[in-house]
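For the protein sequence lines, the chains are A and B, in the order given.
The letter at position 141 of the first sequence is residue 141 when you use this note's numbering, and the numbering goes up by one with no holes.
Here this note's numbering = 1-based position in the second sequence + 1000.
Idealized CB from N, CA, C, for every residue including glycine.
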Amino acid sequence: MPERRKVVIIGSGPAGLTAALYAARAQLEPLVLEGEPSSTSDQPGGQLMLTTDVENYPGFVDGIMGPELMGIMRAQAARFDAELRTAKATRIDVAPWPFEVWAGDPQADEPTVLADTLIIATGARSLMLGVPNEERLLGYGVSTCATCDGFFFRGHDIGVVGGGDSAMEEALFLTRFASKVVVVHRRDELRASKIMQERAQANPKIEFRWNSVVTDVLGDTKVSGVRLRDTVDGSESELAISGLFVAIGHEPNSSLLKGQIELEDNGYVKTFGGTTRTSVDGVFACGDVQDDYYRQAVTAAGSGCMAAIDAERWLEERGE
Amino acid sequence: MSEKIVTLTDATFDEHVKAADVPVLVDFWAEWCGPCKMISPVLEEIAEEQAGKIQIAKLNVDDSLDVSRRYDVMSIPTLILFKDGEPQTKIIGAKPKGALLEELSTYL
Chain A
1 MPERRKVVII GSGPAGLTAA LYAARAQLEP LVLEGEPSST SDQPGGQLML TTDVENYPGF
61 VDGIMGPELM GIMRAQAARF DAELRTAKAT RIDVAPWPFE VWAGDPQADE PTVLADTLII
121 ATGARSLMLG VPNEERLLGY GVSTCATCDG FFFRGHDIGV VGGGDSAMEE ALFLTRFASK
181 VVVVHRRDEL RASKIMQERA QANPKIEFRW NSVVTDVLGD TKVSGVRLRD TVDGSESELA
241 ISGLFVAIGH EPNSSLLKGQ IELEDNGYVK TFGGTTRTSV DGVFACGDVQ DDYYRQAVTA
301 AGSGCMAAID AERWLEERGE
Chain B
1001 MSEKIVTLTD ATFDEHVKAA DVPVLVDFWA EWCGPCKMIS PVLEEIAEEQ AGKIQIAKLN
1061 VDDSLDVSRR YDVMSIPTLI LFKDGEPQTK IIGAKPKGAL LEELSTYL
């Protein structure tokens, strides 16, 4: 028989780890399937593992680096004996109860663990451009992680695609290394918050290429530039850069959940009544996988706390 | 850190990978890289389990940029397997243990 747990949490970003902290302190002995190492998507620690300075997480006056913050959150959950397992959930079945969760081989006869309550905190991933040669040049100038790779572009020109806060954060971070950072944005104004816009526009190393989209990444063995199309007049041009960082938005990590719980048309998990309840009684969702609007570390952490409390009360009501 | 893992620098790299009697998997990493930290425990395990077949070495790109440049390391973590001093295979980005072992299977 697979082991049975009161609370199983899938995902280990701010939402999953906060849910783990609360569930552990409520003595529910949660199991966290934290994911497996990756540089692109659903790695342990979530999206903050690939980000730079986090300046808006309360409690850190001088800001903190994303990976460091996640290390602290993980240690805090572990301190109360949440079990953190470096494994990726590959299949769930929420028709039977207790719910069935597979980690590793999704075709295995038996699930890995049975869950009285399930907390989904699988987060979201950055969208790539999806243009020719982008994937081929990944790691050769195309990067998914500004913190990791900015260093290699000291004295080079870098392109950042996007107009939101993430794009501005990356552009500003990359000015530490680059001689010039060109922000390529498809519109003629930014979506980023006022403070980030002002900071980016005031930085002498940052230039803007408005109304432009990247249609191809150029380079033989490493990136030498990108091809741009003007969204107003349709004209094409080339921009010489050695590094390309993309921050054009996110998509939820919800493929595991298809056919199991109700999703919105855009793939995000539906939650009900201002709680973390999903369409399946006893399954809760928190963090970016159910939030396409706020998407902040602190809102993810907040909803992780809500999910743990919702799960705890759900178990109490059933006398579990 | 496992005693079986060696630390290399620009100064010691060439001699070490040439003289090694087993293939050397070099982990190009840095303190500020989140995904590098993720694969660190995986490499510890591989170092122990595959001792005698493969050696794990760590090279801090922050201190040893020359070697990193020479092998076009532009993203970390990058793992490069050297045999008789020559690069054989390059793995870019953090990957789970199973995927790493598969990519290295020819050398194990």
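Chain C contact for residue i (CB, 7 Å cutoff)
i, result
"residue 140/A", "Among the protein chains of the structure shown, namely A and B, there is no chain C."
Partners in chain B for residue i, counting only beta-carbon separations shorter than 9 Å
i, result
"residue 149/A", "1033, 1074, 1075, 1076"
"residue 143/A", "1074, 1075"
"residue 31/A", "Those within 9 Å of residue 31/A in chain B number zero; the least Cβ separation is about 18 Å."
"residue 84/A", "The contacting residues do not exist; residue 84/A stays about 12 Å from chain B at best."
"residue 50/A", "1034, 1035"
Simplified DSSP state of residue i, which is helix, strand or coil
i, result
"residue 102/A", "strand"
"residue 302/A", "helix"
"residue 1017/B", "helix"
"residue 207/A", "strand"
"residue 52/A", "coil"
"residue 154/A", "coil"
"residue 314/A", "helix"
"residue 273/A", "coil"
"residue 280/A", "coil"
"residue 227/A", "strand"
"residue 1095/B", "coil"
"residue 292/A", "coil"
"residue 39/A", "coil"
"residue 178/A", "coil"
"residue 1002/B", "coil"
"residue 149/A", "helix"
"residue 1011/B", "coil"
"residue 1106/B", "helix"
Listed by chain order, chain A residues near residue i by CB distance under 9 Å
i, result
"residue 1047/B", "By Cβ distance, chain A contributes nothing, its closest Cβ being about 16 Å from residue 1047/B, past 9 Å."
"residue 1030/B", "148, 151"
Where residue i meets chain B, residues with beta-carbon distance less than 7 Å
i, result
"residue 67/A", "1034, 1037"
"residue 37/A", "1035, 1038, 1039, 1042, 1094, 1095, 1096"
"residue 180/A", "Here the premise fails: no neighbours, minimum Cβ distance about 18 Å."
"residue 73/A", "Under the 7 Å cutoff, chain B gives no residues; its nearest Cβ is about 13 Å from residue 73/A."
N- and C-terminal bounds of the alpha helix (DSSP H) containing residue i
i, result
"residue 67/A", "66–79"
"residue 194/A", "194–202"
"residue 1039/B", "1034–1049"
"residue 1087/B", "Here residue 1087/B belongs to no alpha helix (DSSP H); instead the beta strand (DSSP E) covers 1086–1092."
"residue 285/A", "First-last for residue 285/A: 283–285, but that is the beta strand (DSSP E), not the alpha helix (DSSP H)."
"residue 14/A", "14–25"
"residue 1027/B", "First-last for residue 1027/B: 1024–1029, but that is the beta strand (DSSP E), not the alpha helix (DSSP H)."
"residue 173/A", "165–174"
"residue 1067/B", "1065–1070"
Buried versus exposed call for residue i [16 or more other C-beta atoms within 10 Å across all chains shown]
i, result
"residue 277/A", "buried"
"residue 54/A", "buried"
"residue 1001/B", "exposed"
"residue 321/A", "There is no way to answer for residue 321/A, as the model of chain A reaches only from 1 to 320."
"residue 99/A", "buried"
"residue 1106/B", "exposed"
"residue 1081/B", "buried"
"residue 1091/B", "buried"
"residue 243/A", "buried"
"residue 274/A", "exposed"
"residue 107/A", "exposed"
"residue 158/A", "buried"
"residue 155/A", "exposed"
"residue 105/A", "exposed"
"residue 1037/B", "buried"
"residue 1041/B", "exposed"
"residue 22/A", "buried"
"residue 289/A", "buried"
"residue 1098/B", "exposed"
"residue 27/A", "exposed"
"residue 1108/B", "exposed"
"residue 110/A", "exposed"
Within chain B, the residues that residue i reaches when beta carbons sit closer than 8 Å
i, result
"residue 44/A", "1038"
"residue 40/A", "1093"
"residue 128/A", "The contacting residues do not exist; residue 128/A stays about 13 Å from chain B at best."
"residue 222/A", "1072, 1074"
N- and C-terminal bounds of the beta strand (DSSP E) containing residue i
i, result
"residue 1058/B", "1055–1060"
"residue 89/A", "89–93"
"residue 124/A", "124–126"
"residue 1083/B", "1078–1083"
Own chain partners of residue i with C-beta closer than 6 Å, once the 5 adjacent residues on each side are dropped
i, result
"residue 36/A", "88"
"residue 73/A", "17"
"residue 1088/B", "1081"
"residue 1094/B", "1035, 1038, 1039, 1077"
"residue 1018/B", "1085"
"residue 166/A", "247"
Neighbourhood of residue i by C-beta distance below 7 Å, restricted to the same chain and skipping five residues each side
i, result
"residue 171/A", "160, 181, 183, 200, 206"
"residue 134/A", "128, 142, 217"
"residue 251/A", "124, 125, 127, 267"
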